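Chemist: Below you'll find the structure I mean.
Protein chains: 2
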Amino acid sequence: MGSQVYRFKGQNLLKARDLIIRVTYRFPAGTDLAKLARMVAVGQSAGTWSPKYEDRKDRLSGHMAEIIDLVPHESGGGLAVIDYPVSNCPDSTGSLLTAIMGKYSMAIPMKVIDLVLPEGYGVPPAFGIDGIRRSLGVFDRPLLMAIFKPSLGLTASEHGEIFREAAFSGIDLMKDDEILPDIPECSALDRLTTVRTVVDEIWRTQKRRVLYAVNLSGRADEILRKARVLVSEGANALLLNVLSYGYPVLEALAADPLVNVPIFCHPALSGVFTGPSDHGFSSRVVLGTLMAHAGGDAVLFPTRFGNFPVSPEEESDLVDTLHRSSVFPVPSGGVTPLSVLPLCQTYGKEIIINAGTAIMDHPEGVSAGVGAFVTALSDAGWKQESALPFQKRGD
Amino acid sequence: MGSQVYRFKGQNLLKARDLIIRVTYRFPAGTDLAKLARMVAVGQSAGTWSPKYEDRKDRLSGHMAEIIDLVPHESGGGLAVIDYPVSNCPDSTGSLLTAIMGKYSMAIPMKVIDLVLPEGYGVPPAFGIDGIRRSLGVFDRPLLMAIFKPSLGLTASEHGEIFREAAFSGIDLMKDDEILPDIPECSALDRLTTVRTVVDEIWRTQKRRVLYAVNLSGRADEILRKARVLVSEGANALLLNVLSYGYPVLEALAADPLVNVPIFCHPALSGVFTGPSDHGFSSRVVLGTLMAHAGGDAVLFPTRFGNFPVSPEEESDLVDTLHRSSVFPVPSGGVTPLSVLPLCQTYGKEIIINAGTAIMDHPEGVSAGVGAFVTALSDAGWKQESALPFQKRGD
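This is the structure in structure tokens:
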């Protein structure tokens, strides 16, 4: 009868009723905090607008959300902390988003500013900081990542040439630009094939591993299938635009034992969720907590040390959230060699410094661009390690 | 080498370079329209912040976006119409969202207020208005849909009992509440099993078909697998929280020949995309154009004729967009029998009128609740048809 499909996998086996999901909502000035909090707590668990369902509370007991705290603001609105039973949405961040925001997103101005999930909720990152470091054999400094540019218009063999130049100059990782999908004139598999040749050559000659995060695109079924094909053809990392494709796609990739490479999560579209508005989510929820519990190994985000307008607190909150989950923070967006020192001073060594045009558009070429970052890292006190001997690599 | 995975399916075979995606952005008051439009058009196709890539225009010629029109507002900002080549994102709405909004969502206040896609773009609805009507054998009146309540806390057999009462009273369709996931104490398969018994009984005794849209949840891979299992076990419709799970999950379901039932699209979370803010999208883009091109057969949306605060223009724009794509509009949210006449007068017969508590909480029970809607429909001039004879049903 196919019922085995409905059994939860070991990783999701939580004692559901003992566990809660804690959401902190912010309601804007001029709103009735207690009323809106109650509307959300009842409506998103009993699922009705009417107070009538209070009568059925016994039958709903395992599913009722509970208002834990209200912190009114003097101008109205304020913060509401609401606990949801995990049993309301045990199976994915898709049902979680429906549960904690869902239809009320269309009716009430509210922002999820914090989200605390049970430790085992969702799909854990299979690699995270430690796993990515083991893949590279680099443990004692921030990592360096570059982005292929221009995003669209390069051939697959040009990807290979650029990768060769960057990789032999000391880059640790390279990624596709997020807007490059799997297009016939420069397919993901063709890009991988040319890059993989260089990856193997560097390994043979230098015993150094360089990761290439190839961008996934297509329908959900195609992405899941392509990820397996790409990994079987030698991909050592993947890139996913998580907000464009949905957290449940990330979860599926992270849970797939055949997709045994780190998954880099791009924040494209996230501004729609986190923009300056009374609706939506904070960055640390969208790019931090949810990414970590959907199985992301590294998360890119716009940094104030580049050219994005991010508040220091917002960015630090996000980095702290990722670090707590052992997910690699990847500060990005207009990052230059001048960004390196403040990034290292602010966040320490557990970051991947990610640069696009500062490397690709360096007046003396890609190699000089990478060199400028290697020098900046050295000036900040971090030396490139020599590669580990072959027999010590890995776990 | 697995390269066959990278071949586009027939439905996506567009003459890419001949086709464009037209996006109308709104930039808020106080912004520099021409500058921001240029930043988006260049940055989202060449993929750089720098004007240097103008030099490479030849190589990028097939991928450059083009500013077609600028309509400045007297207070600054205004509208910009930008054309993107389909070849920038030929393979899914995931790459489309990355292309037209992507990283700029984090840097620039901008709202996509209109989106025109080539007719064959994406995955077409497999059923739409005509297909859903053929499934039901009802052609000449608005359809009636009810929602199981309470959302959480019912057993599977209670679903069956409620369905029996509603279905024998004349409802055309029923759906799970969107916040009910596939939970062990009331699994999707168990719900289907009890409901399906009633569906078959009504067919045997009345030659009338009633649809039950069972809610999908889980990781993307689980959803795709569950959908096939549910359909093979007799599901005649599915429900997906498209914004929580991602359009590419909808695309995968719609493209799957083994998932040969209509897909109902719930708008949970859509307020985050469409809220009153300078960021995001209009409703007609998120719930209209994108749903239609990702393969949705029917789309629920909050209606001003219920209890949601929606502007008449916004709602009409959305309904028009859905009708043009032959997707069934499903006005929802606090709909009562009093909503029926204005809904019919405003949108005509090609709608599915969807009620939750007005039916489930009717003081005289579910049957009376459905009856009140049947009466309202009759008062509005639409009679329940007698069922078609068996041999005429279907295509």
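Heads up: the sequence lines are chains B and L, in that order. Its first residue numbered 1, the first sequence is counted upward by one per residue in the working numbering. Its first residue numbered 396, the second sequence is counted upward by one per residue in the working numbering. Where a beta carbon is used, it is the ideal one built from N, C-alpha and C, also for glycine. Quick caveat, the model's predicted, so the values are computed rather than measured.
(1) Can you tell me whether B:F27 is helix, strand or coil according to DSSP?
(2) Within the same chain, show all residues whose beta-carbon is closer than 6 Å to that of L:V637, passing over the 5 residues directly before and after it, in chain order.
(3) Helix or strand or just coil, what does DSSP make of B:I162?
(4) Around the Cβ of L:A763, are there at least 16 other Cβ atoms within 10 angstroms (buried) or fewer (exposed)?
(5) Note down the Cα distance separating L:T488 from L:G729, rounded to an integer number of angstroms.
(6) Within the same chain, show all residues whose beta-carbon is closer than 6 Å to that of B:H362, passing over the 5 residues directly before and after it, in chain order.
(7) Considering only their Cβ atoms, is the gap separating L:L539 from L:I566 smaller than 8 Å?
(8) Just the Cα atoms here: how many angstroms apart are B:E201 and B:S135?
(9) From what residue to what residue does the beta strand (DSSP E) around B:F264 run?
(10) Using DSSP with H/G/I as helix, E/B as strand and the rest coil, what is L:A650?
(11) Is B:G369 close to chain L? Criterion is C-beta to C-beta, closer than 8 Å.
(12) Here's the rule: buried if 16 or more other CB atoms are within 10 angstroms of the residue's CB, otherwise exposed. What is B:R324?
(13) Between L:I809 and L:L491, how many whole angstroms is the CB-CB distance? I'm expecting something under 8 Å.
(14) Under 7 Å between beta-carbons, which chain B residues line up against L:A494? List them in chain order, please.
(15) In chain order, what residues of the segment 596-608 of chain L put their CB closer than 7 Å to some CB of chain B?
(16) Nearest-angstrom Cα distance between L:T589 and L:M569?
(17) B:K349 by DSSP, collapsed to three states: which one?
(18) Using the Cα positions of L:L465 and L:S440, report the straight-line distance between them to the nearest angstrom.
(19) When we look at the beta-carbon of B:I215 and count the other beta-carbons within 10 Å, is it buried (16 or more) or exposed?
(20) Within a Cβ cutoff of 8 Å, which residues of the same chain sit near L:Q779, ignoring the five residues on either side of it in sequence?
(21) Excluding the 5 residues preceding and the 5 following B:G306 in the sequence, name in chain order all residues of the same chain whose CB lies nearer than 8 Å to its CB.
(22) Can you give me the start and stop residues for the beta strand (DSSP E) that B:I396 sits inside?
(23) Could you check which residue in B:I132, B:A146, B:P302 has the C-alpha nearest to that of B:A372?
(24) Would you kindly work out how many angstroms separate the C-alpha atoms of B:A292 and L:V761, rounded to a whole number?
(25) Could you tell me the boundaries of the alpha helix (DSSP H) in which B:V229 lies?
(26) Using DSSP with H/G/I as helix, E/B as strand and the rest coil, what is B:W49?
(27) CA-CA distance, L:T791 and L:F558?
(28) List in chain order: all unbroken alpha helix (DSSP H) runs of 4+ residues lying wholly within the segment 68-135 of chain B.
(29) Would you call the segment 460-478 of chain L and the segment 219-239 of chain B touching, i.e. three or more CB-CB distances under 8 Å?
(30) Look up B:M366 in the DSSP assignment and say whether it is helix, strand or coil.
(31) Name the DSSP bridge partner or partners of B:V285?
(32) Is the segment 277-294 of chain B touching the segment 310-326 of chain B in the sense that three or more CB pairs, one from each, lie closer than 8 Å?
(33) For my contact list, L:A615 and B:A252 are in at a C-beta cut-off of 8 Å; report their separation, rounded to the angstrom.
(34) Using a Cβ-Cβ cut-off of 7 Å (strictly less than) and excluding sequence neighbours within five positions of B:M101, which residues of its own chain qualify?
(35) Starting from L:I524, find everything on chain C with Cβ-Cβ shorter than 7 Å and list it in chain order.
(36) Go to L:P724, then tell me how far its beta strand (DSSP E) extends in each direction, as first and last residue.
Modeler: Here's the rundown:
(1) Counting from 1 along the first sequence, the entry for residue 27 of chain B is found at position 27. In the structure shown, the three-state DSSP call for B:F27 is strand.
(2) One-based indexing of the second sequence puts residue 637 of chain L at position 242. Cβ neighbours of L:V637 beyond the five flanking positions: L645, C660.
(3) Locating residue 162 of chain B in the first sequence gives position 162, where the first residue counts as 1. In this structure, B:I162 counts as helix in the three-state DSSP scheme.
(4) The residue labelled residue 763 of chain L in the question sits at position 368 within the second sequence. The residue is exposed, with fewer than 16 neighbouring Cβ atoms inside 10 Å.
(5) Translated into positions along the second sequence, residue 488 of chain L becomes position 93. Translated into positions along the second sequence, residue 729 of chain L becomes position 334. Their Cα atoms are separated by approximately 31 Å.
(6) As a first step, residue 362 of chain B must be located in the first sequence, where it is residue number 362. Answer for B:H362: A368, G369, listed in chain order.
(7) Residue 566 of chain L sits at position 171 when you count from the first residue of the second sequence. Residue 539 of chain L sits at position 144 when you count from the first residue of the second sequence. Taking 8 Å as the Cβ cut-off, L:I566 and L:L539 qualify as a contacting pair.
(8) Position 201 of the first sequence holds residue 201 of chain B. Position 135 of the first sequence holds residue 135 of chain B. Cα to Cα, the separation comes out at about 16 Å.
(9) Numbered from 1 along the first sequence, position 264 holds the residue referred to as residue 264 of chain B. In this chain, the beta strand (DSSP E) harbouring B:F264 covers 263-266.
(10) Numbered from its first residue, the second sequence carries residue 650 of chain L at position 255. Residue state, collapsed to three classes: helix.
(11) Taking the first residue of the first sequence as position 1, residue 369 of chain B is located at position 369. Cβ-Cβ to chain L under 8 Å: no for B:G369.
(12) Taking the first sequence and counting its residues from 1, the one referred to as residue 324 of chain B is at position 324. B:R324 should be labelled exposed.
(13) There is simply no residue 809 of chain L to check, as chain L begins at 396 and stops at 790 in what is shown.
(14) Counted from its first residue, the second sequence places residue 494 of chain L at position 99. In chain order: I179.
(15) none
(16) To locate residue 589 of chain L, count along the second sequence from 1; it is residue 194. To locate residue 569 of chain L, count along the second sequence from 1; it is residue 174. Going from the Cα of L:T589 to the Cα of L:M569 covers about 13 Å.
(17) For the purposes of this step, residue 349 of chain B is taken as residue 349 along the first sequence, with counting starting at 1. Coil at B:K349, not helix or strand.
(18) Within the second sequence, numbered from 1, the residue matching residue 465 of chain L stands at position 70. Within the second sequence, numbered from 1, the residue matching residue 440 of chain L stands at position 45. Computed Cα separation, rounded: 18 Å.
(19) On the first sequence, position 215 is the one that residue 215 of chain B refers to. Note that residue 215 of chain B corresponds to Asn in the displayed sequence, not to Ile. Looking at its Cβ environment, which holds 16 or more other Cβ atoms inside 10 Å, B:N215 is buried.
(20) For the purposes of this step, residue 779 of chain L is identified with residue 384 of the second sequence, where counting begins at 1. Non-local beta-carbon contacts of L:Q779 in its own chain, meaning distances under 8 Å to residues more than five positions away in sequence, involve R536, G565, V769, L772, S773 in chain order.
(21) Position 306 of the first sequence, counted from the first residue, corresponds to residue 306 of chain B. Closer than 8 Å at the Cβ level, and outside the excluded window around B:G306, lie P331, S332, G333, G334, V335, T336, S339.
(22) There is no way to answer for residue 396 of chain B, as the model of chain B reaches only from 1 to 395.
(23) Within the first sequence, residue 372 of chain B is the residue found at index 372, counting from 1. With distances taken between Cα atoms, B:A372 lies closest to B:A146.
(24) Position 292 of the first sequence, counted from the first residue, corresponds to residue 292 of chain B. Position 366 of the second sequence, counted from the first residue, corresponds to residue 761 of chain L. The straight-line gap from Cα to Cα measures roughly 43 Å.
(25) Position 229 of the first sequence, counting from 1, holds the residue named residue 229 of chain B. Note, B:V229: alpha helix (DSSP H), 220-232.
(26) Counting from one through the first sequence, the residue named residue 49 of chain B turns up at place 49. Any reading at B:W49 must be qualified, since the residue scores a pLDDT of 44, below 50, and its modelled position is unreliable; no value is offered.
(27) Outside the displayed range of chain L (396 to 790) lies residue 791 of chain L, so it cannot be described from this structure.
(28) 93-100
(29) no
(30) Counting from 1 along the first sequence, the entry for residue 366 of chain B is found at position 366. The sequence given here places Val at residue 366 of chain B; Met does not occur at that position. Residue state, collapsed to three classes: helix.
(31) One-based indexing of the first sequence puts residue 285 of chain B at position 285. In the DSSP output, where bridge partners are listed per residue, B:V285 has none listed.
(32) yes
(33) As a first step, residue 615 of chain L must be located in the second sequence, where it is residue number 220. As a first step, residue 252 of chain B must be located in the first sequence, where it is residue number 252. That pair is a contact at about 4 Å.
(34) In the first sequence, counting from the first residue as 1, residue 101 of chain B sits at position 101. Closer than 7 Å at Cβ, skipping near neighbours: V112.
(35) Here the protein chains are B and L, and chain C is not one of them.
(36) Taking the first residue of the second sequence as 1, we reach residue 724 of chain L at position 329. Segment 723-727, the beta strand (DSSP E) holding L:P724.
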